[in-house]
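S.K.: If you read the sequences in order, they're chains A and U. All residue numbers for the first sequence refer to the numbering used here, where the first residue is 8 and numbers rise by one. All residue numbers for the second sequence refer to the numbering used here, where the first residue is 8 and numbers rise by one. Think of the CB as a built atom: it goes at the ideal place given N, C-alpha and C, for glycine as much as any other residue.
2 protein chains.
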Amino acid sequence: MTTGLLMIYTGPGKGKTCAAFGQAMRAVGQGLRVCLIQFVKNRACGELVSLEKLAATTGLVEIHQVGSGFSWQDREMTRFRESALAGWQLAREKLDAGACDLLILDEFTYLLHFEVLSAAEVLPVFRQRPAAMHLLVTGRNPGEELLAAADLVTEMQEIRHPFKKGVKAQKGVEW
Amino acid sequence: MTTGLLMIYTGPGKGKTCAAFGQAMRAVGQGLRVCLIQFVKNRACGELVSLEKLAATTGLVEIHQVGSGFSWQDREMTRFRESALAGWQLAREKLDAGACDLLILDEFTYLLHFEVLSAAEVLPVFRQRPAAMHLLVTGRNPGEELLAAADLVTEMQEIRHPFKKGVKAQKGVEW
Chain A
8 MTTGLLMIYT GPGKGKTCAA FGQAMRAVGQ GLRVCLIQFV KNRACGELVS LEKLAATTGL
68 VEIHQVGSGF SWQDREMTRF RESALAGWQL AREKLDAGAC DLLILDEFTY LLHFEVLSAA
128 EVLPVFRQRP AAMHLLVTGR NPGEELLAAA DLVTEMQEIR HPFKKGVKAQ KGVEW
Chain U
8 MTTGLLMIYT GPGKGKTCAA FGQAMRAVGQ GLRVCLIQFV KNRACGELVS LEKLAATTGL
68 VEIHQVGSGF SWQDREMTRF RESALAGWQL AREKLDAGAC DLLILDEFTY LLHFEVLSAA
128 EVLPVFRQRP AAMHLLVTGR NPGEELLAAA DLVTEMQEIR HPFKKGVKAQ KGVEW
């Protein structure tokens with residue numbers, strides 16, 4: 008039995024976005040078409056530079072960075088809502104059209120957590136996608152309904168993190 | 008404060024190797040030199056195909072697959088030991104020479120778990136590497152001593168996995 012999976016990388020630990028990009032590498036290397044929609048983040052990061060290179064050499068990758076740069080400590084929600092909803096519209100189009108073999112919605116869970124969207128709106132769209140299409144969602148606090156609907160859930164637990172020893176975020180490691 | 012980090016991705020959940028390859032993408036995208044030594048696995052996998060493409064376009068990536076194909080259920084340890092020790096010798100050379108900015112030892116923990124090497128042999132070599140060099144180790148059961156020495160540890164917890172529902176491993180998802 009093979010089937011399109013709904014996969015979630017969640018939890019407070021480092022590695023969710025890295026694992027999603029690694030998953031993209033794996034899929035592209037097997038000839039699958041990958042579409043990445045990156046919510047929240049909007050700055051250049053190393054993994055995106057590399058994914059653009061893979062896109063250029065393979066023609067199998069589509070990248071959309073729709074984030075407003077909002078961080079979840081922010082109070083300024085209007086811009087976040089607008090860009091998030093535009094990203095969701097784009098995701099719906101990809102899902103409805105079966106436009107790729109693996110759709111990655113990076114940091115999508117914050118849309119649910121901050122009630123820009125409800126699980127009741129999102130899950131039917133997820134379920135109606137083509138049967139072979141894989142869907143990978145990352146971010147903290149996905150909520151019970153999304154978790155219950157997923158085929159695969161990995162929770163990244165933070166056992167130790169260098170920030171707590173005063174080491175600052177480093178280029179090539181954190182972004 | 009910035010410094011070379013010893014990072015560990017461990018735990019039973021899916022995502023350890025993917026996160027390591029995503030970390031490689033991030034580092035390469037920021038211009039860092041990456042060296043990957045892959046223990047245990049020896050078959051072609053999608054992420055390796057993609058990393059080879061990145062290696063070719065950037066000149067920043069070095070890849071060594073030293074695994075014997077041993078799986079940790081196996082009883083046939085001789086070949087595993089030999090290839091593992093050859094891989095460790097190579098890792099030592101990279102560490103001593105500061106041959107890259109990020110050295111990834113994928114599935115290295117099994118060498119400790121199966122007592123091919125001891126933490127007492129490994130940790131001094133890790134500690135004597137150049138101060139700015141990042142080191143990322145993946146695999147289950149790293150053992151208390153390696154965990155204690157790490158700057159960053161993320162444990163991938165398996166909350167749900169499709170194998171348990173009878174879905175078989177799929178190309179582009181599991182390899």
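Figure out for me which residue from U:V160, U:N49 and U:H120 has the closest Cα to the Cα of V73 (chain U).
M.R.: Per the C-alpha coordinates, the member of U:V160, U:N49 and U:H120 positioned closest to V73 (chain U) is U:N49.
S.K.: So, with DSSP's three-state summary, where would you put E181 (chain U)?
M.R.: coil
S.K.: Using the Cα positions of Q177 (chain A) and T9 (chain U), report the straight-line distance between them to the nearest angstrom.
M.R.: 7 Å
S.K.: Helix, strand or coil for D197 (chain U)? Go by DSSP, reduced to three states.
M.R.: Since the first and last residues shown for chain U are 8 and 182, residue 197 (chain U) lies out of range.
S.K.: Just the C-alpha distance for L153 (chain A) and A93 (chain A), rounded to the nearest angstrom, thanks.
M.R.: 20 Å
S.K.: So which residues of chain U does E122 (chain A) contact, with C-beta pairs closer than 8 Å?
M.R.: By Cβ distance, chain U contributes nothing, its closest Cβ being about 23 Å from E122 (chain A), past 8 Å.
S.K.: Considering only the alpha carbon of each residue, which of A:G20, A:A127 and A:R33 lies closest to G179 (chain U)?
M.R.: A:R33
S.K.: Ignore the nearest five residues each way along the sequence and tell me which others in V123 (chain A)'s own chain have a CB closer than 6 Å to its CB.
M.R.: R88 and A91
S.K.: Helix, strand or coil for T17 (chain A), going by three-state DSSP, please let me know.
M.R.: strand
S.K.: Among U:L13, U:P19 and U:L12, which has the Cα closest to the Cα of E162 (chain U)?
M.R.: U:P19
S.K.: Between which two residues does the beta strand (DSSP E) holding Q72 (chain A) run?
M.R.: V68 to Q72
S.K.: Can you list, in chain order, the residues of its chain whose CB lies under 8 Å from that of H71 (chain A), leaving out five sequence neighbours each side?
M.R.: C42, L43, I44, Q45, G94 and L97
S.K.: Looking only at C-alpha atoms, which of U:C25, U:Q37 and U:G22 sits nearest to L109 (chain U)?
M.R.: Out of U:C25, U:Q37 and U:G22, U:Q37 has the C-alpha closest to the C-alpha of L109 (chain U).
S.K.: Does L1 (chain A) come out as helix, strand or coil in the three-state DSSP assignment?
M.R.: Outside the shown range of chain A (8 to 182) lies residue 1 (chain A), about which nothing can therefore be said.
S.K.: Could you tell me the distance, in whole angstroms, from the CA atom of L143 (chain A) to the CA atom of R134 (chain A)?
M.R.: Computed Cα separation, rounded: 13 Å.
S.K.: Using a Cβ-Cβ distance under 8 Å, would K48 (chain U) count as near chain A?
M.R.: no
S.K.: Can you tell me where the alpha helix (DSSP H) holding L58 (chain A) begins and where it ends?
M.R.: G53 to T65
S.K.: Out of U:V35, U:T64 and U:E69, which one is the CA nearest neighbour of L55 (chain A)?
M.R.: U:V35
S.K.: When the Cα of L199 (chain A) is compared with those of A:F121, A:T17, A:G53 and A:A62, which residue comes out closest?
M.R.: The structure shown has nothing for residue 199 (chain A), since chain A only spans 8 to 182.
S.K.: From the DSSP output, in three-state form, read off R167 (chain U) for me.
M.R.: strand
S.K.: Does the beta carbon of S57 (chain A) come closer than 8 Å to any beta carbon on chain U?
M.R.: yes
S.K.: Enumerate in chain order the residues of its own chain whose CB-to-CB distance from I166 (chain U) is below 8 Å, with the five nearest sequence positions on each side excluded.
M.R.: G20
S.K.: Counting only Cβ-Cβ distances shorter than 8 Å, please list the residues of the segment 149-176 of chain A near chain U, keeping chain order.
M.R.: From the segment 149-176 of chain A, only L154, A157, D158, L159, V160, T161, E162, M163, Q164, E165, I166, R167, H168, P169, K172, G173, V174 and K175 have a Cβ closer than 8 Å to chain U.
S.K.: Going by C-alpha to C-alpha distance, which of A:L159, A:L102 and A:E114 sits closest to P131 (chain A)?
M.R.: A:L102
S.K.: How is G124 (chain U) classed by DSSP in three states: helix, strand or coil?
M.R.: Residue identity differs from the one stated: residue 124 (chain U) is Leu in this sequence, not Gly. The answer is coil: DSSP assigns L124 (chain U) none of H, G, I, E or B.
S.K.: For K171 (chain A), count the other beta carbons within 10 Å of its own beta carbon; 16 or more makes it buried, fewer makes it exposed. Which is it?
M.R.: By the Cβ neighbour-count rule, K171 (chain A) is exposed, with fewer than 16 other Cβ atoms within 10 Å of its own.
S.K.: With H, G and I counted as helix, E and B as strand and the rest as coil, what does DSSP make of T145 (chain A)?
M.R.: strand
S.K.: In angstroms with no decimal places, state the Cα-to-Cα distance between A104 (chain A) and A138 (chain A).
M.R.: 12 Å
S.K.: Does any residue of chain A have a CB that is nearer than 8 Å to the CB of A126 (chain U)?
M.R.: With a threshold of 8 Å between beta carbons, A126 (chain U) makes no contact with chain A.
S.K.: According to the neighbour-count rule (16 or more other Cβ atoms, all chains shown, within 10 Å of its Cβ), is G22 (chain A) buried or exposed?
M.R.: buried
S.K.: How would you write the range of the alpha helix (DSSP H) that G94 (chain A) sits in, first residue to last?
M.R.: T85 to A104 is the extent of the alpha helix (DSSP H) around G94 (chain A).
S.K.: Considering only their Cβ atoms, is the gap separating P169 (chain A) from L159 (chain U) smaller than 8 Å?
M.R.: yes
S.K.: Which residue wins for smallest C-alpha separation from M14 (chain A), given the options A:E181, A:Q164 and A:A156?
M.R.: A:A156
S.K.: Classify A127 (chain U) as buried or exposed, calling it buried when 16 or more other Cβ atoms lie within 10 Å of its own Cβ.
M.R.: exposed
S.K.: Keeping to the same chain, check which residues put their C-beta closer than 8 Å to that of T145 (chain A); ignore five residues upstream and five downstream.
M.R.: I15, Y16, T17, K23, T24, A26, A27, I111, L112, D113, E114, F115 and T116
S.K.: Does R86 (chain A) pass the burial test, meaning 16 or more other C-beta atoms within 10 Å, or should it be called exposed?
M.R.: Exposed.
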